[in-house]
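Structure, as structure tokens:
Number of protein chains: 2
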Amino acid sequence: MAVKKSLKKKITVTDTGAALWASPDERVRDREKKRHAVILTAARYFREHGYHNTSIDDVARALNVTKPTIYHYVQNKEQLLFECFHAGLQQIMEVFPEVQDSKATARERLVAVIKRYAEAITSDFGWCMVQAENQDLSPTMSKKVRALKSEIDHGIRHIIMEGALDGSIRKCDAKIMAFALAGAMNWIAYWYRSGDSLTPTEIANRFIELFLLGLQPR
Amino acid sequence: MAVKKSLKKKITVTDTGAALWASPDERVRDREKKRHAVILTAARYFREHGYHNTSIDDVARALNVTKPTIYHYVQNKEQLLFECFHAGLQQIMEVFPEVQDSKATARERLVAVIKRYAEAITSDFGWCMVQAENQDLSPTMSKKVRALKSEIDHGIRHIIMEGALDGSIRKCDAKIMAFALAGAMNWIAYWYRSGDSLTPTEIANRFIELFLLGLQPR
Chain Y
1347 MAVKKSLKKK ITVTDTGAAL WASPDERVRD REKKRHAVIL TAARYFREHG YHNTSIDDVA
1407 RALNVTKPTI YHYVQNKEQL LFECFHAGLQ QIMEVFPEVQ DSKATARERL VAVIKRYAEA
1467 ITSDFGWCMV QAENQDLSPT MSKKVRALKS EIDHGIRHII MEGALDGSIR KCDAKIMAFA
1527 LAGAMNWIAY WYRSGDSLTP TEIANRFIEL FLLGLQPR
Chain F
1347 MAVKKSLKKK ITVTDTGAAL WASPDERVRD REKKRHAVIL TAARYFREHG YHNTSIDDVA
1407 RALNVTKPTI YHYVQNKEQL LFECFHAGLQ QIMEVFPEVQ DSKATARERL VAVIKRYAEA
1467 ITSDFGWCMV QAENQDLSPT MSKKVRALKS EIDHGIRHII MEGALDGSIR KCDAKIMAFA
1527 LAGAMNWIAY WYRSGDSLTP TEIANRFIEL FLLGLQPR
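Just so you know, the protein sequences line up as chains Y and F, in that order.
Using our numbering, the first residue of the first sequence is number 1347, and each one after it goes up by one.
Using our numbering, the first residue of the second sequence is number 1347, and each one after it goes up by one.
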């Protein structure tokens, strides 16, 4: 909706010559794009070289900008890691409201979450998603990281409990099942390399098969 | 067997007065006990304070010995971490030959591995088992850590493939299933705290239920 509106505006301003100045909408989008580039570049550096072996300078150099430019988007390296972590988790968090209002069963909603989880964890942000809390973060940052993880954990737990009510998921210990699911999914970040023979969708499908049907022949 | 033998020997030497000197058997056992105490203490420190925030001095102080005493058992802190990692993995590795010769089905053998895995990962060595490779280890040490992990991974994979042959496990992508299982199990180290409301055996049983039967009602 926002994109359509700004495209329309662009056509108008081009005719008047005002196109030489970016519109407020364009400036917001431009800042968002640049911010994303900073975070994405940092995420790739962290994954490749580790958090402690990556500096703000490395990220600035990779983007061909100055260090203060990076500080325009984040306060420090710790916040940069947090933003990478958050960008990964955000993808999963978005799926919960998406499926919540649908008429799908809890099991179908769980499948949607697993698919999105596989996409996020195999993305450039996967490493930061699982490694952020291992990097000696400040207590404040650790708390923020744990709170976000807990939100996803409770989202999965909630779906499993709803499944016991709508009959689409076996009655079980939802807490432990959610931990097992998240653990198996998080671990993907440790073994998956982009260019693997399996796509994220194929990995998700195999995980769904395991979690829903188990390994015992029916 | 070794214990029985040495007990018998002890009774004999007590009568002769030679008990003032430890027997060769006793000296070996004594060294093993001390070595275990060093590794266990280090494992608890690493888990509590992190690898980089723990020094050989901390471990020595906790055991009321000098730093050189610790160097009697390990060459450096990195090797100390490796020994903790190895002590955890060793518990799981021992289960493979134990179940290999049994007449149990592959599924029953998988269950035995999961139970042992749950015991190991909830032990004092659990943290080191999953965190060792995140600690900027030297390339040589990283290689040793990866090789041992790979051994367990292949052990699980092998059982899953055997299950497809003896009909006790559904035909599946053994590699991905082994990764999922190990991931879910390893993740226990992140959320389990000793004194949790569930015992390691109860956790193992819930994991077995998930992995064998899945979440979908039959």
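Heads up, the beta-carbon is just placed ideally off N, CA and C, and yes, glycines get one too.
Bear in mind the structure is a predicted one, so any value in this text is a computation, not a measurement.
Between the Cα of E1508(Y) and those of L1527(Y), T1451(Y), A1365(Y), spot the shortest distance and give me the residue it belongs to.
Numbered from its first residue, the first sequence carries residue 1508(Y) at position 162. Checking every option, the nearest Cα to that of E1508(Y) belongs to T1451(Y).
Taking 9 Å as the cut-off, decide whether the C-beta atoms of A1528(F) and W1473(Y) are in contact.
Walking along the second sequence from the start, residue 1528(F) turns up at place 182. Walking along the first sequence from the start, residue 1473(Y) turns up at place 127. The answer is no: Cβ separation not under 9 Å.
Give the straight-line distance between the Cα atoms of R1407(Y) and Y1417(Y), rounded to the nearest whole angstrom.
Indexing the first sequence from 1 puts residue 1407(Y) at position 61. Indexing the first sequence from 1 puts residue 1417(Y) at position 71. The alpha-carbon atoms of R1407(Y) and Y1417(Y) are separated by roughly 13 Å.
Measure from the alpha carbon of A1383(F) to the alpha carbon of each residue in C1430(F), G1363(F), E1372(F), H1395(F), then state which is nearest.
Locating residue 1383(F) in the second sequence gives position 37, where the first residue counts as 1. When only C-alpha atoms are compared, the closest one is C1430(F).
Mind listing which residues of the stretch 1380-1398 of chain Y have their C-beta closer than 9 Å to chain F's C-betas, in chain order?
G1396, H1398
Measure the CB-CB distance between L1556(F) and A1530(F) and report whether it falls below 9 Å.
Working through the second sequence from its first residue, we reach residue 1556(F) at position 210. Working through the second sequence from its first residue, we reach residue 1530(F) at position 184. Their beta carbons are under 9 Å apart, which means L1556(F) touches A1530(F) by this criterion.
Short check: CB of G1501(F) to CB of F1442(F), under 9 Å?
Within the second sequence, residue 1501(F) is the residue found at index 155, counting from 1. Within the second sequence, residue 1442(F) is the residue found at index 96, counting from 1. It is a contact, given that the beta carbons lie within the stated cut-off.
May I ask you to verify whether the stretch 1382-1398 of chain F touches the stretch 1475-1485 of chain F, counting CB pairs closer than 8 Å and requiring at least 3?
yes
Taking P1563(Y) as part of the alpha helix (DSSP H), name the residues at either end of that continuous run.
If you number the first sequence from 1, residue 1563(Y) lands on position 217. Premise fails: P1563(Y) is in no alpha helix (DSSP H) and is neither H nor E.
Indicate the three-state DSSP secondary structure (helix, strand or coil) for Y1419(Y) in the structure shown.
Counting from one through the first sequence, the residue named residue 1419(Y) turns up at place 73. DSSP places Y1419(Y) in coil when its eight states are reduced to three.
Can you give me the C-alpha to C-alpha distance between I1549(F) and W1537(F), rounded to a whole angstrom?
The residue labelled residue 1549(F) in the question sits at position 203 within the second sequence. The residue labelled residue 1537(F) in the question sits at position 191 within the second sequence. Approximately 12 Å between the Cα atoms of the pair.
Check whether the Cβ of E1424(F) lies closer than 9 Å to any Cβ atom in chain Y.
As a working mapping, residue 1424(F) is identified with position 78 in the second sequence. No, its Cβ sits nowhere closer than 9 Å to a Cβ of chain Y.
Check: G1560(Y) C-beta below 8 Å from any heavy atom of the ligand PLP
The ligand PLP is not among the ligands present in this structure, which contains no ligands whatsoever.
Report the neighbours of W1367(Y) on chain F: residues whose CB is nearer than 8 Å to its CB, in chain order.
Here residue 1367(Y) refers to the residue found at position 21 when the first sequence is read from its first residue. Chain F residues near W1367(Y): none, gap ~48 Å exceeds 8 Å.
E1394(Y) to Q1425(Y), Cα distance in whole Å?
In the first sequence, the residue the question calls residue 1394(Y) occupies position 48. In the first sequence, the residue the question calls residue 1425(Y) occupies position 79. So the two alpha carbons sit approximately 18 Å from each other.
Range covered by the alpha helix (DSSP H) that runs through L1511(F):
Looking up residue 1511(F) in the second sequence gives position 165. Where L1511(F) is concerned, the enclosing alpha helix (DSSP H) stretches over 1485-1512.
List, in order along the chain, the chain F residues whose C-beta lies closer than 8 Å to that of C1518(Y)?
Residue 1518(Y) sits at position 172 when you count from the first residue of the first sequence. Those are R1552, E1555, L1556, L1561, listed as they occur along chain F.
Proximal chain F residues relative to F1525(Y), where beta-carbon distance stays under 7 Å
Start at 1 with the first residue of the first sequence, and residue 1525(Y) comes out as number 179. Ordered by position in chain F, the residues that pass the 7 Å Cβ test against F1525(Y) are W1533, W1537.
Using CA coordinates, which residue listed in F1525(Y), V1491(Y), S1543(Y), T1415(Y) is at the minimum distance from H1504(Y)?
As a first step, residue 1504(Y) must be located in the first sequence, where it is residue number 158. That would be F1525(Y), whose Cα lies nearest to the Cα of H1504(Y).
State yes or no: is the beta carbon of S1514(Y) nearer than 9 Å to at least one beta carbon in chain F?
Within the first sequence, numbered from 1, the residue matching residue 1514(Y) stands at position 168. Taking Cβ atoms only, chain F reaches closer than 9 Å to S1514(Y), which makes this a yes.
Tell me which residues share the same chain as A1404(Y) and place their Cβ nearer than 6 Å to its Cβ, disregarding the 5 neighbours each side in the sequence.
Position 58 of the first sequence, counting from 1, holds the residue named residue 1404(Y). The residue asked about is misnamed: residue 1404(Y) is Asp in this sequence, not Ala. Closer than 6 Å at Cβ, skipping near neighbours: Y1391.
Under 9 Å, Cβ to Cβ, is there at least one residue of chain Y near K1356(F)?
By one-based count along the second sequence, residue 1356(F) stands at place 10. Unreliable placement is indicated for K1356(F), whose pLDDT of 47 sits below 50; the coordinate value is still reported in the next sentence. It does not: the Cβ of K1356(F) has no partner Cβ on chain Y nearer than 9 Å.
Leaving out five residues on either side along the sequence, give the residues of the same chain with a beta carbon under 7 Å from the beta carbon of T1415(Y).
Position 69 of the first sequence holds residue 1415(Y). Counting only Cβ-Cβ distances below 7 Å, and skipping sequence neighbours, we find A1406.
6 Å CB neighbourhood of I1433(Y) in its chain, flanking five on each side removed
Numbered from 1 along the first sequence, position 87 holds the residue referred to as residue 1433(Y). Position check: residue 1433(Y) holds Ala in this sequence, whereas Ile was assumed. Within the same chain, A1433(Y) has close Cβ partners I1385, F1471.
State buried or exposed for P1546(F), treating a residue as buried only when at least 16 other CB atoms are found within 10 Å of its CB.
The residue given as residue 1546(F) occupies position 200 in the second sequence. Answer is buried; the Cβ neighbour count reaches 16.
So, is V1374(F) buried or exposed, given that buried needs 16 or more other C-beta atoms within 10 angstroms?
Your numbering for residue 1374(F) matches position 28 in the second sequence. V1374(F) is exposed by the Cβ-count criterion.
Under the three-state reduction of DSSP, which class applies to D1519(Y): helix, strand or coil?
The residue given as residue 1519(Y) occupies position 173 in the first sequence. Three-state result, D1519(Y): coil.
Any chain B beta carbon closer than 9 Å to G1509(F)
The question asks about chain B, but that chain is absent: this structure's protein chains are Y and F.
So what does DSSP say about W1367(Y), is it helix, strand or coil?
Residue mapping note: residue 1367(Y) aligns to position 21 of the first sequence, counting from 1. Of the three classes helix, strand and coil, the one that applies to W1367(Y) here is coil, per DSSP.
Between the alpha carbons of M1523(Y) and I1498(Y), how many angstroms are there, rounded?
Against the first sequence, residue 1523(Y) aligns to sequence position 177. Against the first sequence, residue 1498(Y) aligns to sequence position 152. Spanning the two alpha carbons is a distance of roughly 13 Å.
Where D1482(F) meets chain Y, residues with beta-carbon distance less than 9 Å:
The residue labelled residue 1482(F) in the question sits at position 136 within the second sequence. Within 9 Å Cβ-Cβ: G1396, H1398, N1399.
Residues within the stretch 1442-1467 of chain Y neighbouring chain F, beta-carbon criterion of under 7 Å:
R1453
Whether L1559(F) touches L1456(Y) by CB criterion (9 Å):
Residue numbering aside, residue 1559(F) sits at position 213 when the second sequence is read from its first letter. Residue numbering aside, residue 1456(Y) sits at position 110 when the first sequence is read from its first letter. It is not a contact, given that the beta carbons lie outside the stated cut-off.
Residues of chain F with a CB under 9 Å from the CB of G1472(Y): which are they?
Position 126 of the first sequence holds residue 1472(Y). Correct list: empty, because the minimum Cβ distance to chain F is about 13 Å.
Does Q1477(F) pass the burial test, meaning 16 or more other C-beta atoms within 10 Å, or should it be called exposed?
For the purposes of this step, residue 1477(F) is taken as the residue at position 131 of the second sequence. Burial call: buried.
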